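**Student:**
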């Protein structure tokens with residue numbers, strides 16, 4: 001048996017708008033209990049939420065780092081205002097490892113080592129290699145990629161690490177418009193941060209009543225929770241170095257333990273699927289993008305037995 | 306005082322539409338090859354190499370320009386078609402290529418340094434640092450700005466951009482940040498970003514039930530219409546969804562962008578070029594929309610007495626209704 | 638205000654200045670094909686039309702051949718039969734009865750709208766947004782067909798006249814003389830068509846009566862066509 005590089009688990013940035021107290025409790029528990037190697041902190045979706053986290057961020061960062069976890073500073077996915085540009089520049093200048101989610105951040109970094117987030121389209125070797133020569137040490141691939149594409153990009157990545165989304169609702173779009181506010185008949189400028197009402201996003205259903213999307217402020221996500229289960233070992237063998245778990249209101253420590261066990265071959269993927277489905281409740285586990293099919297679809301391996 | 310001259314950039318899905326656009330007064334025409342390398346990869350549409358060469362000859366003979374959109378993102382292991390498209394555009398002596406993918410930009414910069422490069426709206430560069438990144442690394446000369454900025458934001462951005470800017474003046478507006486919207490592939494499995502078709506026709510169906518027409522993308526119901534109710538393109542962002550038990554156009558109404566009424570403001574903000582959306586539309590649309598904008602721009606520049614009435618194009622647009630979109634802050 | 642606009646723009650579709658200039662009136666000619674001609678004659682004319690189109694526009698045939706192999710039914714709302722167009726390696730045009738044959742996709746609209754579409758005078762997406770064009774089945778087949786047609790400049794009137802050969806000038810004169818009456822009938826048919834949207838289809842006796850009156854008028858028009866035809870023919874024979 002060939003010795004494989006042990007793939008790591010990361011906790012992606014919290015996409016939803018939780019209260020400061022809830023965030024603090026969440027991350028402190030992650031620091032103490034979750035078998036993840038890296039934790040991404042920082043607001044990705046909406047700059048109006050940014051102040052919420054600042055109150056406890058120093059404490060959280062200290063606790064995570066003393067637990068041996070790498071802390072990565074995530075940045076906004078859609079940057080337009082002068083204030084947002086300034087925030088991205090400030091993050092890039094902090095000297096910490098940054099996840100760039102808009103090309104503005106790449107410009108601000110000026111070639112310093114960084115992680116490229118999933119909101120920057122890196123879907124082929126040409127883009128990957130260009131970014132790698134400009135300081136990208138790790139690339140988090142866009143959620144739309146198939147297992148085949150991921151395999152190609154990981155296999156020839158050289159020193160550049162590859163990370164893929166392995167658990168949670170997948171981000172499908174970002175916009176200037178706030179759909180959360182719109183659903184409450186409010187404008188974005190007077191949104192009252194109604195996105196805080198839905199800790200995992202607001203369900204949007206088709207006119208047939210089929211729940212299909214989750215709205216999270218200016219972001220739109222899948223209704224189903226994406227999983228990488230059966231393919232985990234194969235992708236790891238192909239060279240994927242990190243698998244991302246995206247925070248939800250369910251027990252993320254348990255999710256992390258399930259994935260860690262699966263990576264360490266201590267559990268079957270079907271068992272993990274069953275456990276995750278029970279935790280997630282009504283939304284399906286999906287893996288369509290990975291299979292090159294409609295993203296909302298689920299293969300047999302994502303379906304619990 | 307005459308306003309600065311705005312370049313009118315017009316869509317051509319076919320050679321016939323290219324000629325129609327130029328005859329109707331386009332300063333530049335943009336088009337794509339008959340494959341996945343551009344974001345309007347629809348059946349029967351677009352140009353082969355010989356048609357492009359003829360189109361360039363037709364435009365250049367009349368002092369106009371041809372821009373070629375190679376603005377999708379090549380999937381892993383499959384860069385060859387995009388490189389070939391860039392090579393062919395250069396060989397056809399087009400005036401610029403419109404690119405989005407960093408890998409394709411890097412290729413074009415290395416292989417054809419003399420070929421002028423524009424940044425596609427698919428690259429979603431909505432701020433000055435992003436624009437500077439593309440300018441500094443790939444010598445991008447013009448950026449097509451995302452349809453997410455208000456006039457005030459546009460003015461501020463243009464002051465800092467350091468390259469020419471092109472903005473959308475008419476056509477279908479997606480409310481999402483372009484080039485990174487996966488809604489269509491989530492619904493139907495075909496990626497707009499790498500296969501060049503949002504809500505491709507082969508995945509769209511219409512069926513009649515209970516006196517209403519149901520539009521579907523893949524297996525998903527996007528909307529239902531009563532007879533005579535205006536329709537939009539069958540894209541996920543123009544569908545109707547239930548939130549809080551209410552059915553609404555959650556993302557965007559069936560409306561078309563029409564900036565005919567704010568051309569002076571756009572000129573004053575420092576915009577270089579106005580873009581008309583619609584390579585998927587027929588030459589009748591091209592003739593009508595381009596002609597109307599030509600008259601309005603000529604009037605703006607004081608060359609003719611009166612411009613077109615903004616409402617003149619209403620029937621051409623999605624849903625038969627218009628919006629100023631993000632140009633007005635209330636849109637958000 | 639949509640319906641009234643849709644109706645008020647019909648006469649311009651029936652006879653545009655452009656049509657007058659080249660002496661062809663495509664819509665009236667289509668009507669003659671559709672209403673006055675018995676089906677075998679129409680089928681023959683359609684075949685001739687397609688062959689003649691292929692000779693005049695070889696690129697159109699190539700573009701149709703480059704599409705996927707599909708059958709699209711084009712159904713002018715007022716005609717008793719429609720047209721089946723095959724795209725793919727062996728493009729073909731046939732006359733079909735309503736509901737006849739297996740279509741991959743179907744387009745239904747008034748003959749005026751379809752004529753404008755084929756001649757590139759109006760955009761199909763515009764019609765779709767206004768719901769003046771009904772599309773069913775494989776949308777890609779229709780999009781492909783529309784784009785193939787839009788690449789060529791087709792003057793349907795001239796094409797029909799050319800396809801009819803020696804009968805062409807006669808047909809054109811016929812079309813001119815019958816056109817005003819057809820236009821009036823078209824407007825009424827159009828109004829009815831809107832009124833008879835699915836939920837109302839069978840309910841209203843007044844509408845049913847109006848349909849009957851329309852049918853009678855069509856019959857009268859057809860008879861009148863016959864008389865005009867006979868008169869024209871006598872004139873042709875008398876001419877030196």
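Residue numbers (my numbering), protein chains in the order written: chain Y, 1 to 305; chain C, 306 to 637; chain W, 638 to 877.
From the three backbone atoms N, C-alpha and C, an ideal C-beta is built for every residue, glycine too.
In this text the structure is predicted, and so the values were computed from the model without any measurement.
My output table needs one value for residue 286 (chain Y): the three-state DSSP class, helix, strand or coil.
**Tutor:** In the first chain, the residue the question calls residue 286 (chain Y) occupies position 286. Of the three classes helix, strand and coil, the one that applies to residue 286 (chain Y) here is strand, per DSSP.
**Student:** Take residue 546 (chain C) and list the residues in its own chain whose beta-carbon comes closer than 6 Å to its own, dropping the five residues that flank it on each side.
**Tutor:** Sequence index remark: in the second chain, residue 546 (chain C) carries index 241 (1-based). The residues are 555.
**Student:** Less than 8 Å between the CB atoms is what I'm expecting for residue 315 (chain Y) and residue 180 (chain Y), so what's the real figure, rounded?
**Tutor:** Nothing can be reported for residue 315 (chain Y), as the shown portion of chain Y is limited to 1 through 305.
**Student:** Any beta-carbon of chain Y closer than 8 Å to the one on residue 407 (chain C)?
**Tutor:** Locating residue 407 (chain C) in the second chain gives position 102, where the first residue counts as 1. True, the Cβ-Cβ gap to chain Y drops below 8 Å.
**Student:** To the nearest angstrom, report how far apart residue 405 (chain C) and residue 375 (chain C) are at their CA atoms.
**Tutor:** As a first step, residue 405 (chain C) is located in the second chain; it is residue number 100 there, counting from the start. As a first step, residue 375 (chain C) is located in the second chain; it is residue number 70 there, counting from the start. Taking the straight line joining both Cα atoms gives about 8 Å.
**Student:** May I ask you to report which of helix, strand or coil DSSP gives residue 173 (chain Y)?
**Tutor:** Locating residue 173 (chain Y) in the first chain gives position 173, counting from the first residue. Note: residue 173 (chain Y) maps to strand in three-state DSSP.
**Student:** Less than 8 Å between the CB atoms is what I'm expecting for residue 687 (chain W) and residue 751 (chain W), so what's the real figure, rounded?
**Tutor:** Here residue 687 (chain W) refers to the residue found at position 50 of the third chain. Here residue 751 (chain W) refers to the residue found at position 114 of the third chain. No, residue 687 (chain W) and residue 751 (chain W) are not in contact; Cβ-Cβ is about 16 Å, not under 8 Å.
**Student:** Run down chain Y in chain order and give the residues with a C-beta less than 7 Å from the C-beta of residue 529 (chain C).
**Tutor:** Residue numbering aside, residue 529 (chain C) sits at position 224 when the second chain is read from its first letter. Neighbours of residue 529 (chain C) on chain Y, chain order: 207.
**Student:** Residue ranges of each beta strand (DSSP E) run of no fewer than 3 residues wholly in the segment 196-280 of chain Y, ordered along the chain?
**Tutor:** For the segment 196-280 of chain Y, whole beta strand (DSSP E) runs of length 3 or above, ordered along the chain, are 202-205, 211-216, 219-222, 225-227, 242-245.
**Student:** Please report the straight-line C-alpha distance between residue 64 (chain Y) and residue 622 (chain C), rounded to a whole angstrom.
**Tutor:** Position 64 of the first chain, counted from the first residue, corresponds to residue 64 (chain Y). Position 317 of the second chain, counted from the first residue, corresponds to residue 622 (chain C). Those two C-alpha atoms are separated by around 53 Å.
**Student:** Can you say whether residue 294 (chain Y) is buried or exposed, counting buried as having 16 or more other CB atoms within 10 angstroms of its CB?
**Tutor:** Taking the first residue of the first chain as position 1, residue 294 (chain Y) is located at position 294. Classification for residue 294 (chain Y): buried.
**Student:** To the nearest whole angstrom, what separates the beta carbons of residue 216 (chain Y) and residue 384 (chain C), a pair I think is in contact under 8 Å?
**Tutor:** Your numbering for residue 216 (chain Y) matches position 216 in the first chain. Your numbering for residue 384 (chain C) matches position 79 in the second chain. No, residue 216 (chain Y) and residue 384 (chain C) are not in contact; Cβ-Cβ is about 34 Å, not under 8 Å.
**Student:** Do residue 490 (chain C) and residue 144 (chain Y) have their CB atoms nearer than 8 Å?
**Tutor:** In the second chain, residue 490 (chain C) corresponds to position 185, counting from 1. In the first chain, residue 144 (chain Y) corresponds to position 144, counting from 1. Contact: yes.
**Student:** Determine which residues share a DSSP beta bridge with residue 598 (chain C) and list them.
**Tutor:** Mapped onto the second chain, residue 598 (chain C) falls at position 293. Its beta-bridge partners do not exist; DSSP assigns none.
**Student:** On the DSSP bridge list, what partners appear for residue 424 (chain C)?
**Tutor:** Locating residue 424 (chain C) in the second chain gives position 119, counting from the first residue. Beta-bridge pairing links residue 424 (chain C) to C:404, C:448.
**Student:** In the DSSP assignment, the alpha helix (DSSP H) including residue 105 (chain Y) goes from what residue to what residue?
**Tutor:** As a first step, residue 105 (chain Y) must be located in the first chain, where it is residue number 105. Residue 105 (chain Y) -> alpha helix (DSSP H) spans 103-109.
**Student:** Note the first and the last residue of the continuous beta strand (DSSP E) segment covering residue 730 (chain W).
**Tutor:** Sequence index remark: in the third chain, residue 730 (chain W) carries index 93 (1-based). Per DSSP, residue 730 (chain W) belongs to the beta strand (DSSP E) from 729-734.
**Student:** For residue 373 (chain C) versus residue 336 (chain C), is the C-beta distance shorter than 8 Å?
**Tutor:** Stepping through the second chain from its first residue, residue 373 (chain C) is reached at position 68. Stepping through the second chain from its first residue, residue 336 (chain C) is reached at position 31. Going by C-beta atoms, residue 373 (chain C) is nearer than 8 Å to residue 336 (chain C).
**Student:** If we ignore side chains and look at the alpha-carbon of each, how far apart do residue 236 (chain Y) and residue 7 (chain Y) end up?
**Tutor:** What you label residue 236 (chain Y) is simply residue 236 of the first chain in a count that begins at 1. What you label residue 7 (chain Y) is simply residue 7 of the first chain in a count that begins at 1. In a straight line, the C-alpha of residue 236 (chain Y) is about 6 Å away from that of residue 7 (chain Y).
**Student:** Please tell me whether residue 424 (chain C) and residue 448 (chain C) are closer than 8 Å, where the distance is taken between their beta carbons.
**Tutor:** The residue you call residue 424 (chain C) lines up with position 119 of the second chain. The residue you call residue 448 (chain C) lines up with position 143 of the second chain. Going by C-beta atoms, residue 424 (chain C) is nearer than 8 Å to residue 448 (chain C).
**Student:** Does chain W have any CB closer than 8 Å to the CB of residue 316 (chain C)?
**Tutor:** For the purposes of this step, residue 316 (chain C) is taken as the residue at position 11 of the second chain. Taking Cβ atoms only, chain W never reaches closer than 8 Å to residue 316 (chain C), which makes this a no.
**Student:** So, for residue 161 (chain Y): in the same chain, excluding its five sequence neighbours on each side, which residues have a beta-carbon less than 7 Å away from its beta-carbon?
**Tutor:** As a working note, residue 161 (chain Y) is residue 161 in the first chain. Closer than 7 Å at the Cβ level, and outside the excluded window around residue 161 (chain Y), lie 137, 138, 241, 242.
**Student:** Comparing C-alpha positions only, which one of Y:253, Y:262, Y:27 sits nearest to residue 308 (chain Y)?
**Tutor:** As shown, chain Y starts at 1 and ends at 305. That puts residue 308 (chain Y) outside it, with no answer to give.
**Student:** Please list, in chain order, all residues of the same chain as residue 310 (chain C) whose beta carbon is under 7 Å from its beta carbon, the five residues on each side excluded.
**Tutor:** As a working note, residue 310 (chain C) is residue 5 in the second chain. The residues are 606.
**Student:** Anyone know if the C-beta pair for residue 244 (chain Y) and residue 165 (chain Y) falls short of 8 Å?
**Tutor:** By one-based count along the first chain, residue 244 (chain Y) stands at place 244. By one-based count along the first chain, residue 165 (chain Y) stands at place 165. Yes; because the gap between Cβ atoms is below 8 Å, this pair is in contact.
**Student:** Is it buried or exposed for residue 14 (chain Y), if we count other Cβ within 10 angstroms and need 16 for buried?
**Tutor:** Locating residue 14 (chain Y) in the first chain gives position 14, where the first residue counts as 1. Buried, since its Cβ has 16 or more Cβ neighbours within 10 Å.
**Student:** Helix, strand or coil: which one does DSSP assign to residue 533 (chain C)?
**Tutor:** Numbered from its first residue, the second chain carries residue 533 (chain C) at position 228. Residue 533 (chain C): coil per DSSP, three-state reduction.
**Student:** So, does the CB of residue 57 (chain Y) fall closer than 8 Å to a CB anywhere in chain C?
**Tutor:** Within the first chain, numbered from 1, the residue matching residue 57 (chain Y) stands at position 57. Taking Cβ atoms only, chain C never reaches closer than 8 Å to residue 57 (chain Y), which makes this a no.
**Student:** Distance cutoff 8 Å, beta carbons only. Does residue 741 (chain W) sit that close to anything in chain C?
**Tutor:** Sequence index remark: in the third chain, residue 741 (chain W) carries index 104 (1-based). No - not a single Cβ of chain C is within 8 Å of the one on residue 741 (chain W).
**Student:** Let's see if you can read the secondary structure: which residues bound the beta strand (DSSP E) around residue 162 (chain Y)?
**Tutor:** The sequence position of residue 162 (chain Y) within the first chain is 162, counting from 1. Segment 161-168, the beta strand (DSSP E) holding residue 162 (chain Y).
**Student:** Check residue 493 (chain C) in the structure and name its three-state DSSP category.
**Tutor:** Counting from one through the second chain, the residue named residue 493 (chain C) turns up at place 188. Reduced to three states, the DSSP call for residue 493 (chain C) is helix.
**Student:** Pull up the CB-CB distance for residue 791 (chain W) and residue 744 (chain W), whole angstroms please, since I reckon it's below 8 Å.
**Tutor:** Sequence index remark: in the third chain, residue 791 (chain W) carries index 154 (1-based). Sequence index remark: in the third chain, residue 744 (chain W) carries index 107 (1-based). That pair is no contact at about 16 Å.
**Student:** How many angstroms separate the CA atom of residue 339 (chain C) from the CA atom of residue 44 (chain Y)?
**Tutor:** Here residue 339 (chain C) refers to the residue found at position 34 when the second chain is read from its first residue. Here residue 44 (chain Y) refers to the residue found at position 44 when the first chain is read from its first residue. Near 37 Å, if we compare the C-alpha coordinates of residue 44 (chain Y) and residue 339 (chain C).
**Student:** Run down chain W in chain order and give the residues with a C-beta less than 7 Å from the C-beta of residue 471 (chain C).
**Tutor:** Residue mapping note: residue 471 (chain C) aligns to position 166 of the second chain, counting from 1. Those within 7 Å of residue 471 (chain C) in chain W number zero; the least Cβ separation is about 23 Å.
**Student:** Just how far apart, CA to CA, sit residue 134 (chain Y) and residue 344 (chain C)?
**Tutor:** Walking along the first chain from the start, residue 134 (chain Y) turns up at place 134. Walking along the second chain from the start, residue 344 (chain C) turns up at place 39. Distance between the alpha carbons of residue 134 (chain Y) and residue 344 (chain C) is about 28 Å.
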